[in-house]
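**Student:**
Number of protein chains: 4
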Amino acid sequence: MKDAGQKSSHPGELGAPKRLNRSTVSALDEILGTQLPVLDDGFVRVIDYMGDDSSIVQAAKVSHGAGSKKPGEDRAVIRNLMRHLHTTPFEMCEIKLHVRTPMDVWRQWIRHRTANVNEYSTGDSIANSAQTTVASQWRVQASKQGAGAFLPLEEGQLLSARESQFQKTSRDVYAQRIAAGVVKEQARKDLPLSTYTEAYWKIDLHNLLHFLHVRMNDHAQDEIRSYAKLIGQEIVAKWVPLAWEAFLDYGRDALVLSATEARILSALIANSPEGAKTIAESAGLLAFDKSGKATRNFEREEFESKLRFLGVTPSWM
Amino acid sequence: MKDAGQKSSHPGELGAPKRLNRSTVSALDEILGTQLPVLDDGFVRVIDYMGDDSSIVQAAKVSHGAGSKKPGEDRAVIRNLMRHLHTTPFEMCEIKLHVRTPMDVWRQWIRHRTANVNEYSTGDSIANSAQTTVASQWRVQASKQGAGAFLPLEEGQLLSARESQFQKTSRDVYAQRIAAGVVKEQARKDLPLSTYTEAYWKIDLHNLLHFLHVRMNDHAQDEIRSYAKLIGQEIVAKWVPLAWEAFLDYGRDALVLSATEARILSALIANSPEGAKTIAESAGLLAFDKSGKATRNFEREEFESKLRFLGVTPSWM
Amino acid sequence: MKDAGQKSSHPGELGAPKRLNRSTVSALDEILGTQLPVLDDGFVRVIDYMGDDSSIVQAAKVSHGAGSKKPGEDRAVIRNLMRHLHTTPFEMCEIKLHVRTPMDVWRQWIRHRTANVNEYSTGDSIANSAQTTVASQWRVQASKQGAGAFLPLEEGQLLSARESQFQKTSRDVYAQRIAAGVVKEQARKDLPLSTYTEAYWKIDLHNLLHFLHVRMNDHAQDEIRSYAKLIGQEIVAKWVPLAWEAFLDYGRDALVLSATEARILSALIANSPEGAKTIAESAGLLAFDKSGKATRNFEREEFESKLRFLGVTPSWM
Amino acid sequence: MKDAGQKSSHPGELGAPKRLNRSTVSALDEILGTQLPVLDDGFVRVIDYMGDDSSIVQAAKVSHGAGSKKPGEDRAVIRNLMRHLHTTPFEMCEIKLHVRTPMDVWRQWIRHRTANVNEYSTGDSIANSAQTTVASQWRVQASKQGAGAFLPLEEGQLLSARESQFQKTSRDVYAQRIAAGVVKEQARKDLPLSTYTEAYWKIDLHNLLHFLHVRMNDHAQDEIRSYAKLIGQEIVAKWVPLAWEAFLDYGRDALVLSATEARILSALIANSPEGAKTIAESAGLLAFDKSGKATRNFEREEFESKLRFLGVTPSWM
């Protein structure tokens, strides 16, 4: 946001110059319209955007008096907003994407309702392309020890061959209906969820970051996580680098301790293992079966992994 | 909303009684939880609701000073709100539904973003049931003369048999993947769009009426229109009968004339066919090709059908 | 939206060019940042925008297959979208304004919740300017015969003098508190509603048109109507001229007849005054008191004014 | 949500009983409609509600497969949802309040846009009551050492007397305008921001908890914090006690460490003061002026107070 600096009619108040140029981000302009590939036949393209890091600071200046003229302080302002959940200045930036995704990904995508959406309509030629799985990429249910394993290649080859055959059948079924004169909206009904669709998707930065928080997470499904990572790392990081850094630090990678967990950690640091144990028990985090073994508790197990990260051993282990 | 009538601490102002009972609608209570069937294996169930016709009037009394103590005037208040686009009082009523729909219907359903949604998650047993089409229900593309025709029965039988076979194959493909140990979220990827899913869907009355306006419309796809009609006629009509009547009259069944169309109609009523023609031409509604024939114009054709409804013949025909 | 036209990796499908330039509207660029004055000390400034008329068509092409390459058909597409309540393509345009309004106007403004907002925070110097009323502009309650009358000048002069004195007192009260060390957020509590505030306000075109529909209306309060008119006529009309024209025709200036009203009009056009009367009576629009005089009914009176516009005399008058 | 337990037509799937009773919370029913007083003349009243703790679990069962039949496990499910930001099940509960607040509080209140609102309209008798400040309650700007101090009583008495006189004048100004025949909407323009207004406010539980998070916070203004505390402690705690407990623990009272802060804490726990210092410096949290003194940095100061809570001394102090 570069104000041309004319005399304001309200001197000393909010900037009120006569002329303004739109904020532009050259790193984003360079990829505008370019298809960034995802999965075997999907993509994300930036169509347009509004605002940049300095627009966030400008909005904060209005609503929190937090702006700053000094160069180099934008980072502090943006981190401060992120830390204190002052989300409205981030809503002042907006981006419009053109995406191509399997319908199964799209189903999860549009559960985020705070965006504007125009989805490609009914069964056109475009609908006949489906997302395929190579033999090495069939994921198996995570065992207790870890996640992310794949089926042995030979088994995968069988499934991939069956997939290919099935998707071909689905195209034949569709084509037969169209040839018989059936309306497209009905002919489409048995296309597989792997069929690609396209959409325009427009969203403000605050809500986009929330989408990325949820969808870049390890718990998100692989396919949508591929899109989220691309949008974060290839688009948002270029568009608003300061906001992106603050989001990684205070959002995606933050360590959140519940009030109870903070009290337990405090006791452990103070070398009070019994105190820690007492808090954990009274909060329902810790209980023992008849044999004296701690019963399973997902909340405590997640807390224990936070403690491990901090290098602290829980007194009950 | 029945106020128990105690003395208010702000006499003469908004009702401020000490105790209140929740508004209830016995006609809706009677079907609470009951599966109302749609399509071959879908349903809609009312889970809970908040407010009734009198809650709308109560809210209007607050925001527009439009309330009334006299019995029988609720109808006038509600019609007045509907006519003047005073939508916020309708937002004071809320309903929660449990629905079961093919995923292709659900895709269209959740484009309406103003609701709260919890969709049934990944590929469980439930996912294996798919919506089927009986031989007589394969719709053919509407010709110029009309819509709603079906394929001849013999052709339909071929398609239905193929559909049945294909859906069986899709279940086999899914089962094979699960048996091989593939994670459900990936195994699910080639299920057909006709596969049923379930969701809880919670929405306020204003936004529900907008949903019904769009989805009960003749342009909506048959399948989702079946759900919309059921919700409107079997649920909303029982829940808030006065709001429903006003919506039909001023929403779904209203006749909207553009400013230009109203001026043309006015000229036709005043027996000024040339005046009407002149307005239509200057507004771009009417133009002639070299042979003197009016060129096709969808906007004008829709206007002509409004005129036909009113019993007026356009001067250019 | 000017696609640079490179070969798409999906030939025949949605445009997928390698590079894109942002859409720009030179008529809007010319006033970017300029304070457009409203009331005695308010203004509206355009800060940034996304999209133009052709972005609406582009989005429609995605979601309704309604796009067109032929020049001159954008207007038809946009009017078609507006007529059939296909609102999502209009959401693909976004605008950011900086506004300065009395707090009493702002209270009404932000009841429209579909925007992003950053309001100027607490009691700064800016807060001490209040909106003043010149002696000729004190509005009197509309009598039955008409609206818009003003107090006689001498009476207005008394009120304006009192206003000036009172606003000065309010500044003194505020200054006294600040001088005593009171926190600004509390010192501010008795500032008059006429005090100016400032905000950034960002909204998509669909929701902006809804805002303008409600706030340009004759029923809206004069002060906010001044802002709405300016935004419509000086900003939106320049930004998206085709959408603005369609909105005026099908939104602000449309003539909406309820289903009942349309049936009555049809009967009157068919020279069936008794039929018209019967419909009106059975719909509750028309009733008579003991002396045979039609009882007052706001809905019917509004309908009668629609009939007058069309040059039709109701049979019951 | 008590299902009457009939045989489902989809055995083994989501509960699909024939009849259902609405969920009720007797602790909330007991205060339904009762004015809970806030400030000198404000209140909050519960008008209606939908759902309870078990509705959250029920919705989670649909969308995350996380439900449980075993008694006593609802708490674990709700805490799990809260911890993992699975917010949609909390949206399945809805509450409607009637509130009476000074306009200055209301301005802040409705910045939260995810609610349905009907505000009391224009300048009625109700508008003439203003919030007053007793002599002991004039807050002074927080010094570096602390917040929450008040003006000496004698000074406060002067300000309270002036307030009373000024508010009386404002009523006289209003009354004079009304007597002269000025329309209420204009006569109202100079009423002080302390004037009470009333509204119906309806919101889902997820968004209500976000509102409470922001407005119960120490940074929130005293007046709105009084309302937020009342709503949280007197209403939400009774309505959904398990969700309220989880919110306090993981929301309001949680300890959030940025990724950087977590790494520094980890180094401090590992007795690596130099390592901690290096991380802090490279992240821009720590810098020294020429005299070797750490320069002020709000982010670091807030981090230091988190460390103090945990009983850890930063190595740079």
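If you read the sequences in order, they're chains A, B, C and D. Under my numbering, the first residue of the first sequence carries the number 130, and numbering increases by one thereafter. Under my numbering, the first residue of the second sequence carries the number 130, and numbering increases by one thereafter. Under my numbering, the first residue of the third sequence carries the number 130, and numbering increases by one thereafter. Under my numbering, the first residue of the fourth sequence carries the number 130, and numbering increases by one thereafter. Ideal Cβ placement from N, Cα and C applies to all residues, glycine included. Since this is a predicted model, take the numbers as computed values, not measurements.
1. Measuring CA to CA, which of B:Phe432, B:Asp351, B:Ala383 is closest to Val234 (chain B)?
2. Straight-line CA distance for Ser258 (chain C) to Arg317 (chain C)?
3. Going along the segment 277-289 of chain A in order, which residues come within less than 7 Å of chain B, judged by CB to CB distance?
4. Measure the beta-carbon distance from Lys367 (chain C) to Glu223 (chain C) and round it to whole angstroms, keeping in mind my assumption that it falls under 8 Å.
5. Measuring alpha carbon to alpha carbon, tell me which residue in D:Arg291, D:Pro166, D:Ala278 is nearest Val228 (chain D).
6. Is the CB of Phe427 (chain A) under 9 Å away from at least one CB in chain B?
7. For Asp382 (chain B), return the contacting residues in chain C, with the cut-off set at a CB-CB distance below 7 Å.
8. If the cut-off is 9 Å on Cβ atoms, which residues from the segment 167-179 of chain B count as contacting chain D, listed in chain order?
9. Give a yes or no on whether 9 Å exceeds the smallest Cβ distance from Gly196 (chain C) to chain A.
10. How is Pro281 (chain C) classed by DSSP in three states: helix, strand or coil?
11. Chain B partners of Ile398 (chain C), CB-CB under 9 Å?
12. Would you mind telling me which residues of chain C sit closer than 9 Å to Ile239 (chain D), beta carbon to beta carbon, in chain order?
13. Any beta carbon of chain A sitting closer than 9 Å to that of Leu165 (chain D)?
14. From the beta carbon of Lys273 (chain C), is the nearest beta carbon of chain D less than 9 Å away?
15. If the cut is a Cβ gap below 7 Å, which residues of chain B does Tyr329 (chain D) touch?
16. Does the distance between the C-beta of Lys367 (chain D) and the nearest non-hydrogen atom of the ligand NAP fall short of 8 Å?
17. Grouping DSSP H, G and I as helix and E and B as strand, with all else coil, what is Ile176 (chain B)?
18. How close, in whole Å, do the beta carbons of Ala391 (chain A) and Leu320 (chain D) come, if the pair is a contact with beta carbons under 8 Å?
19. Bridge partners of Asn247 (chain B), per DSSP?
20. Counting only beta-carbon atoms, is Val448 (chain D) nearer than 9 Å to chain A?
21. Using a Cβ-Cβ cut-off of 6 Å (strictly less than) and excluding sequence neighbours within five positions of Ile176 (chain C), which residues of its own chain qualify?
22. Pick out whichever of B:Ala409, B:Leu161, B:Asp347 has its Cα sitting closest to the Cα of Ala396 (chain B).
23. In chain order, which continuous runs of the alpha helix (DSSP H) of length 4 or greater are located wholly inside the segment 392-420 of chain D?
24. Tell me whether Arg437 (chain B) sits in a helix, a strand or coil according to DSSP, three-state version.
25. Note down, in chain order, every chain A residue with its Cβ under 8 Å from the Cβ of Ser402 (chain B).
26. Name the chain D residues that come within less than 9 Å of Ala391 (chain A), Cβ to Cβ?
27. Just grab the DSSP bridge partners of Val311 (chain B) for me.
28. Count the other CB atoms, across all protein chains shown, that sit within 10 Å of the CB of Phe340 (chain B); report buried if there are 16 or more and exposed otherwise.
29. Starting from the beta carbon of Ser225 (chain B), find every residue of chain D whose beta carbon is closer than 8 Å, and list them in chain order.
30. Can you tell me whether Ala349 (chain A) is buried or exposed, with buried defined as 16 or more other CB within 10 angstroms of its CB?
31. If you measure between the beta carbons of Arg381 (chain D) and Gln237 (chain D), is that distance less than 9 Å?
32. Just to confirm the assignment: which complete alpha helix (DSSP H) runs, minimum length 4, are found wholly within the segment 217-243 of chain C?
33. Measuring CB to CB, does Phe417 (chain D) end up less than 9 Å from Leu338 (chain D)?
34. Please decide whether Arg344 (chain C) counts as near chain B, where near means a Cβ-Cβ distance under 9 Å.
35. Could you give the distance in angstroms between the alpha-carbon of Asn426 (chain D) and the alpha-carbon of Ala412 (chain D)?
36. Using a C-beta to C-beta distance shorter than 8 Å, which residues of chain A count as neighbours of Asp319 (chain B)?
**Tutor:** The short version:
1. B:Asp351
2. 13 Å
3. Leu280, Glu284, Leu288
4. With 8 Å as the limit, Lys367 (chain C) and Glu223 (chain C) do not qualify as a contact, their Cβ atoms being about 16 Å apart.
5. D:Pro166
6. no
7. Ala388
8. Asp170, Phe172, Arg174, Val175, Ile176, Asp177, Tyr178, Met179
9. In this prediction, Gly196 (chain C) scores a pLDDT of 45, lower than 50, which makes its location untrustworthy; the coordinate-derived value is nonetheless stated afterwards. For Gly196 (chain C), the answer is no, since every Cβ of chain A falls outside 9 Å of its Cβ.
10. coil
11. Ile398, Leu439, Gly440, Val441
12. Arg236, Ile239, Arg240, Arg242
13. no
14. Interpretation of Lys273 (chain C) is limited by its pLDDT of 45, a score under 50 that renders its predicted location unreliable; no figure is taken from the coordinates.
15. Ala188, Val191, Met221
16. As for the ligand NAP, it is missing from this structure, which has no ligand bound.
17. strand
18. Actually they do not touch by this definition, with Cβ atoms about 46 Å apart.
19. B:Tyr329
20. Past the edges of chain D, shown from 130 to 446, lies residue 448 (chain D), and the structure says nothing about it.
21. Lys225, His227
22. B:Ala409
23. 402-411
24. helix
25. The sequence as given places Pro at residue 402 (chain B); Ser does not occur at that position. None at all; the shortest Cβ gap to chain A is about 40 Å.
26. Asp382, Ala383, Leu384, Lys435, Phe438, Leu439
27. A:Val269
28. buried
29. According to the sequence shown, residue 225 (chain B) is Lys rather than Ser. Chain D residues near Lys225 (chain B): Met179, Gly180, Met221.
30. buried
31. no
32. 232-238
33. no
34. no
35. 12 Å
36. Ala259, Glu292, Phe295, Gln296, Ser299, Pro321, Leu322, Ser323
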